[in-house]
Structure formats: C-alpha cells, structure tokens
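Accompanying notes for the structure given below.
Number of protein chains: 2
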Amino acid sequence: MTGRARLLVIGGDAAGMSAAAQARRIRAEDQLEIVVLEQGEDTSFSACGIPYWIGDLVGGRDALVARTPEEHRAQGLTVHTGTRATAIDTEARTVATADGRSFDYDTLLIATGGKPTRPPIPGLDAAGVFGVHRLDDGEAIRAAIDELPAGGPRRAVVLGGGYIGLEMAEVLQSRGLDVTVVLADPLPMGLLDADMGELVLAAMREAGMTVHTDQAVEEVLLDPDGRACGVRTDQGSYDAEVVVLGLGMGPEVSLAEGAGIAIGVTGGIDVDATMRSRSHPDVFAAGDCVQTHHQLTGEPQHVALGTHANKQGRVAGSVIAGRPARFGGVLGTALTKVGDTEIGRTGLCTTQAEQAGYAFSSDVVEGTTRAGYYPGAEAVTVKLVTETGSGRILGGQVVGGQGAGKRVDVLATAIWAGMTADDLAASDLSYAPPFSPTYDVVSVAARKASAVVRG
Amino acid sequence: MTGRARLLVIGGDAAGMSAAAQARRIRAEDQLEIVVLEQGEDTSFSACGIPYWIGDLVGGRDALVARTPEEHRAQGLTVHTGTRATAIDTEARTVATADGRSFDYDTLLIATGGKPTRPPIPGLDAAGVFGVHRLDDGEAIRAAIDELPAGGPRRAVVLGGGYIGLEMAEVLQSRGLDVTVVLADPLPMGLLDADMGELVLAAMREAGMTVHTDQAVEEVLLDPDGRACGVRTDQGSYDAEVVVLGLGMGPEVSLAEGAGIAIGVTGGIDVDATMRSRSHPDVFAAGDCVQTHHQLTGEPQHVALGTHANKQGRVAGSVIAGRPARFGGVLGTALTKVGDTEIGRTGLCTTQAEQAGYAFSSDVVEGTTRAGYYPGAEAVTVKLVTETGSGRILGGQVVGGQGAGKRVDVLATAIWAGMTADDLAASDLSYAPPFSPTYDVVSVAARKASAVVRG
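The listed protein sequences correspond, in order, to chains W and V.
As numbered in the working numbering, residues 120 to 574 make up the first sequence, in order.
As numbered in the working numbering, residues 120 to 574 make up the second sequence, in order.
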C-alpha cells in the first residue's frame, strides 16, 4: 500500500476506543489513519454504570461517558457517530453504512459489543419492557419511573438473576418500586455453586425483593394500549409497570457473520490471543463480540465485561500498530452486590471443574470481614475449589458483608499465578483489626483446602 | 524416654497457644503432655485490638481474649497462668519459675513474645507513660483517661509513628484528647517510601493531630508527684496528661539468651523454617521473639505480628508433634488506618530494594476506590517496586480511602507467587462500579510498571 494505512473500527465503546487510542499512542497520524464508526451518539460509556444511574446514585448520563467523541477527536481519531455499519466486504476491504456511505480499510477492528439475550417470549418487544445495554436504555427506564402516576402502583418485574438482574432489582427498589425477580433457574448468579447461590437468594429476600425461582416466563402481559403491564410464567402472573430484562448478554456478531468471518462455538468472533480473526488476517475483533479463552482450562469462553473489552482493545490496538501483545484469557471473575451483601467469584465453580474434567475438592469456610470484636465485622463465606493431588486452586467464591467482595481479587491473582492452596495459606496477607481477623478468611479457606487436598 | 513426652511452652499468647493447640490436634493426651507457662492471667489475646478497646470501639477486655485458659484446658492442655519462667536449663531440660517451681521438658517451645522498644530517655518509666503491649496496658490507659479531671486539659503525646503510634493517636483523639505525635524520623510509617509517607503525614494532620517530625525526645517531663506531665524534645516541650510509647516492638529473648540459645542478627531467636532453634534441636521458638526470613530476599527479618505468630506456632506445633511443616517467611505486609485513610505495604520499599541489591524501577499511580462516578469513590495511590529485566514485582504500597487498604493483599499474593508486573496487569481482577473503576488501580499500577520495565 502507498501512503498511510487506515484502521477502521466498528463500534466506539470500550473495546473499539481502547484499540483506537492504543494504536494512536504507537503510530502518529502520518503513519496510521484511524476511523471509528459508532451507531449511537456516545463513545466510551460505562454500561455497567447504567443501573446506578437509574438508582440516582450517579449524577447524570454524562458521568457515565468516560470520553466523548470530541475528546477522542482531539487525540487524532476520526469518529463518526450516528453511523451504523451495515455490511463488511472482506474482499474489497470496505464497510458499508446505513447512510449509504462506504469506508475502506487496510485493517478492520470489529467491536460491535454484546446484545441482551432476548428469548422468544410474546410481548417482549412491547413498550414498558427494557433492556439495560446502552445509555438510551437507562434514559428510557428513568423516564418510565418518572412517569409513574403519583399514588399509583409502582411495581417492577426483573427477568433474570445474573448481575444485571441483581443490580437492577436493587436500584428499582431504591427508587421506591416493589420488585419481583423471576428466575428460570433455582438460584440467582448461575456461576456460583448452589450453597453460595442460596446465600445470595437469602440476601435478595432479606432486602425485601420477591423472588420467584424455577419459573419459565411464558408471556409479557399487555394492557389495551399494547404496553407491558406484567409477566405471566408457568406458575403465576405478576403485575408490573416496568419490566426489565437481565437475562445476560450475548455477542453481537451479525455483521461479522454476514461477511463470512469465523464465529466460534460460543457464538463470539473467533480470534487468537492477538485478537486477530482466525479466518481473516486483516480483521481483528475485541470486546463483548469475541470469543476468548479461559486462562486455566484454555477452553473457549464468552464473557461480556468492560475490563476484558478494554484489555482486548488495547491488545488489538498494539498489534495493529506493530507492537506485540497478547490477551491472556479470563478467569470469569465477577463481582456485584445486592443490598449490603457482596458477591464475588473467579475461576471454576464445582460444576465447571467437573465439566472440565478436574479431580477436585471444595471447601467452605465462614469468617468475618474485620476482627470479630471490631465494630462493623460482618459474616463472610468463602468457597474454594482445589485440584486433587496438585493442590492448585481452581476457583473461588465469596459472599458476605462490606469488604467481602474485593477479596475475590486475591483468589483471582492466586489462580492466575497457578498457586496451590498451600502457597496461598502460607502467603503474607495483611492483618489489622479494622480489616480482618488475624487470619484473613481467605487464608483460612486456603488452609482448609490445603489440609483436605494434601492430608 | 519412657512414658509420654512433655512439650513445655513458655508464653500463652498467639504463638504459644497455636503451637500447643496444633500439637494437641495431632497427638492425643496419652502421647504428648502439653504444659503452658504464662506469666499473666490471659491467654490468646489480641494485642492488636488494644488501641480499639481504648478507643471504646471494642466492648471490653474479654472481647480481646480469643480463648481463655479454661477453654484451652478443655482441649487437653495444662495451662499455668501467673507463672513466670525465670530460667531455662538446656542441659537438665528444665525451666525454673518465679514461684520457685521447676518444669522439665522433652521439647521446649519459647514463645516469649515481643517487648516495646524503650530508648534510654529519662522519665520513661514514670507513671503516666504507657506501652501498648499487654491487656493490662490497655486497662491502665483506659483508667488514665477516665481519671482525667472534668474540665481539665486532655492532652496526649504519642511517641512514634509506626502503626501502633498511628492507631493510638487515632483512638486517643476519638476519646477527646488533643493528640501530639512526636517522630524521630521525617515521616511516619518508616517502611513506606517518602512519597507515600507524605500522604500519611497529611492524613494525620487532616485528622487534626499535631505532628512534630525530626525531633529527638530528650526527656519525659515529670510533675512534683513524679508523674509524667509532658515530653521535651530537642526542639520543644509538649504538655500531656498521657504519654504513649509507639516506638515499635523488639523480640523478648532474655530467657533464651540467658540459656545460651542462639540469637540471630536481628535480635530474635535464631530458628530454621521448622521453627527449631539452630543451636538447640530440642528447643523451638515462635512468634514475636524469633528471627524469621524475608520470603523474597531470604534475608533475616524480625517482624512482630499476630499473623506470623499464629502461623509459626502452628508450624512448631506440627513439627513437634511429628508432622512436617515449614514457615514460608514474611513479606513485611502491614495494614493500618488513620482517620479515613488506609495504609498498606508489602514486600520491599525502594530503600529495602536498594539495600538488597536489586536493580529496580518504581511507579506511582493514582486512582479511585470505586468507579469515579459512583458515590463514595475515594482517591487511592499505589506504588509498585519492580525488578528491572525480570519485571518481577518486589514491593507494593497503598494509601487511600475506604477500600484501599486490603488491595495490598493482591500485591502480597502476586509477590509471594513471583508474578511479574505483566502477569498482574493481565490477571482477571474483579470489576463493578461500587468496587472499582473498569481497571482496578492495582491493574493500572501493574500496567505502568510493566511498561517501564519491559519497554
């Protein structure tokens, strides 16, 4: 090619803009042109913050925008907002947009993100049913709450008990709505073991939520105006002015699929650790639209999370700009809260360990977040999954009061490093009465796991 | 020997009782007799909780006793309280006590703990000058505060700015005393780098403490009754009704020294990783009285801390009872708080890294404890010390608002596991807006360190 090369990015959120920014750090404008196509009006926004904005914990929509299109432009990026890509031609190396334009590229980065899981339930597309995906969704839910007539009923049904479901249930409750959560599964937070999920379910109910488990949603009920007014399951009907979808997030790959770019078994775009498409070497992909791998098992994974999107974008941007980089995979670390209960998990739960073919034990210990005698000490339960023989930690789960959740990072670090339960039990974790008992609950769990595995 | 062997333990606190309890778990009473000599009336108490008891955050003295002598006895241990050991005869294998008795042993465990550093300052032994070591000290300080005449001055001088000094300053202030902290050094928390120590100094002053740095204490001032009424340094005199020593804790080894048991260069009893004396194979030692080693450098260390005491005691008890065990060393992990500022450190600070002969870089990053837009997000500063070339993390320091401190455990785990900054930057740490920005500040620090070291 003559002149400067062009990197074309589809999608202006975490992954796309991280890639663009990183490529720009390495290559100046005279070496690499970077053009971003974003279908909405916002770039680099925090989808994870939407529930808290709805809950009035965040000042406003602008607070969730980490960097505006103008700010990106000031860094030497060309950003076209309101510009929806409609087709990729990998032969001609062009991307067509809804407004009839065509953009050519030398290297393409697909960062089309995720899409909320929408099962084929009648009425799911009605007014009054909301996803929690883009800032406009947040705006719409806020408006729906604001428009509830004074003195009238204020009821919400949340479908799903993953972290979006939990967070939405919490903030809707904080806005004065009666909240009913409907789960298809027996327990919330599917990637927790049942004993830990029970703790979460108890916390939800203690927080005043109505939780229906093991119920299949059959229909969104509509009022005469065609607006959602409730949900009917195989076991009951629940009235609601607001219905929220928290059923998880799948990869948005329609553009890639249409262009014949390889899709992996998880449904995400199939990329290697440099975020390069395995089928099209001049196409990269990053963020919620890709398939990644589990750091421990090497198995393909799809995890929609801002941290991975940012890191993957950064890797893609580096590689595209000519600097080697690799994405190291994921452990499925997740953290959320409901009421005062913090919930963290990382690595493999027992179901995953079994599926992955490990021989393992699991151990549960209970402790406190601070020295037992220190004010504010709260209960915390830690579960470890440990490989038999090697003693290697495979997974960890934490449920407890304030200060419990971030302890999952110690477990994630230990698993990432390949530590055994022995190693972790021996390691020099901090102690002071306002922060932990003499033995942090993580140490106690590691010691228990180590004793079982090693005798 | 015929019949059952006897383990004699000198010292009934963390190390001694952990050893005794662990040995009992492994060996029943008909196999091993376990006798504990404790000079005071309490066993297994939390010295670390004393400041918080003084600060009325802890219900009472009993709350700080994890296990009473009676509870230990119920586990098959013979516990003699009020029984001060005065001499060890390693030839005869006997220990003499102040009340004229003699206890023989097959194996001896010395767990005599630490002793507050008391420089040769005139007046330091006067009434009104308090150490913070045993529960009786806590009782005495509480009484001194309670006895302050109504309407009279309430002033305290705290000597020293280590964690005991900081915690005492905080709780005395919370009890309504005007607190002056006098430091011999330019900054508090000597095992922090200066830039991080500055943050702590600022936090102390912001909390309303008067802090005098770089001042040598020359005399404790006495009133006509011989009671402490202030402190004179080389630069000024400070009136006080209460004077508290927070000058650190050395090893209490007079008994061991008197018996010719080898003492290490740090002043602690010289033991191997099984906690066995290097000079006397039938003598073990554990806790604040021993010399241990740094996990990273292998160099001898003395660190007085309940966690190590508990772990070392457990190791000693295992080995004495015939089950192999080793103590893995320390990283010098420490955690404390002053006001709303949490302070953690682990591994090597730059001074220590230099002394240990490492080529290293250091990097400081600033972040927030929660997503910037989430209520309660507070500033947090993280400093990493990283080995040049290998990229291995050598040390970490954290200073910041609520939630900052325990992040030091991620760094301690990473250092323990030998992780590089690259590894840590890649690892899958948790993210949710109430708990961290998309990139946790620890990840940001690791990424910055990795970029510097690796280019």
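Note that the Cβ used here is the ideal one computed from N, Cα and C, for glycine as well.
- When DSSP states are grouped into helix, strand and coil, A133 (chain W) belongs to the helix group.
- In the DSSP assignment, T532 (chain V) falls outside any beta strand (DSSP E) and within the unbroken alpha helix (DSSP H) covering V527 to W535.
- Within 7 Å of the CB of F554 (chain V), the CB atoms of chain W belong to L454, G524 and K525, in sequence order along the chain.
- Nearest to D181 (chain W) by C-alpha distance, out of W:G257, W:V248, W:D149 and W:L151, is W:G257.
- The C-beta of C167 (chain V) comes closer than 8 Å to at least one C-beta of chain W.
- Residue state for Y357 (chain V) is assigned as strand, using DSSP reduced to three classes.
- Separation of G432 (chain W) and A142 (chain W) (C-alpha to C-alpha, rounded to the nearest whole angstrom) is 10 Å.
- In terms of CA proximity to Q471 (chain W), W:G309 leads the group W:G279, W:G309 and W:G242.
- Collapsing the DSSP output to three states places L318 (chain V) in a helix.
- Of all residues in the stretch 356-369 of chain W, none comes within less than 7 Å of chain V when Cβ atoms are compared.
- L424, G425, T426 and N429: these are the residues of the stretch 418-443 of chain W whose beta carbon lies less than 7 Å from some beta carbon of chain V, given in chain order.
- None of the residues of the stretch 386-403 of chain V has a beta carbon lying less than 7 Å from any beta carbon of chain W.
- R294 (chain W) counts as buried, since at least 16 other C-beta atoms from the protein chains shown sit within 10 angstroms of its C-beta.
- Per DSSP, V330 (chain V) lies in no alpha helix (DSSP H) segment; the continuous beta strand (DSSP E) that holds it begins and ends at T329 to H331.
- In the three-state reduction of the DSSP assignment, H427 (chain W) falls in the helix class, which pools H, G and I.
- For G447 (chain V), the residues of chain W that pass the 7 Å Cβ criterion are A545, in the order they occur in the chain.
- Using a Cβ distance threshold of 8 Å, D401 (chain W) and T226 (chain W) count as a contacting pair.
- Within the stretch 220-308 of chain V, the runs of alpha helix (DSSP H) that reach at least 4 residues and sit entirely inside it are, in chain order, 254-265 and 282-293.
- A Cβ-Cβ separation of about 7 Å places P235 (chain W) in contact with L366 (chain W) under the 8 Å criterion.
- Distances from the CA of V563 (chain W) to each of W:R526, W:P370, W:G537 and W:P553 were compared; the closest alpha carbon is that of W:R526.
- Contacts with chain V at 8 Å (Cβ-Cβ) do not include Q150 (chain W).
- At least one beta carbon of chain W lies nearer than 8 Å to the beta carbon of T532 (chain V).
- Listed as beta-bridge partners of T411 (chain W) by DSSP are W:Q420.
- Comparing alpha carbon positions, the residue from V:Q414, V:L126 and V:E286 closest to D149 (chain V) is V:L126.
- Rounded to the nearest whole angstrom, the CA to CA distance from I264 (chain V) to L341 (chain V) is 18 Å.
- Contact fails between the stretch 437-446 of chain W and the stretch 491-502 of chain W, because fewer than three Cβ pairs, one in each stretch, are under 8 Å apart.
- Identification of chain V residues near L450 (chain W) by a Cβ-Cβ cut-off of 7 Å yields D547, ordered along the chain.
- In this structure the stretch 550-570 of chain V touches the stretch 453-464 of chain W; the number of beta carbon pairs closer than 8 Å is three or more.
- T197 (chain W) has a beta carbon lying at 8 Å or more from every beta carbon in chain V.
- Between the alpha carbons of D333 (chain V) and E157 (chain V) lies a distance of about 39 Å.
- Rounded to the nearest angstrom, the Cβ distance from E152 (chain W) to R192 (chain W) is 13 Å, too far for a contact under 8 Å.
- Rounded to the nearest angstrom, the Cβ distance from A262 (chain W) to G458 (chain W) is 26 Å, too far for a contact under 8 Å.
- In this structure the stretch 510-519 of chain V lies against the stretch 532-540 of chain V, because at least three pairs of beta carbons, one per stretch, are closer than 8 Å.
- By alpha-carbon distance to A544 (chain W), the top candidate from V:K430, V:G515, V:A435 and V:G271 is V:K430.
- Taking 7 Å as the Cβ-Cβ cut-off, the stretch 467-498 of chain W approaches chain V at A490, Y492, Y493 and P494, given in chain order.
- In the same chain as S221 (chain V), and ignoring 5 residues on each side of it, the C-beta atoms closer than 8 Å to its own belong to T213, V214 and A215, in chain order.
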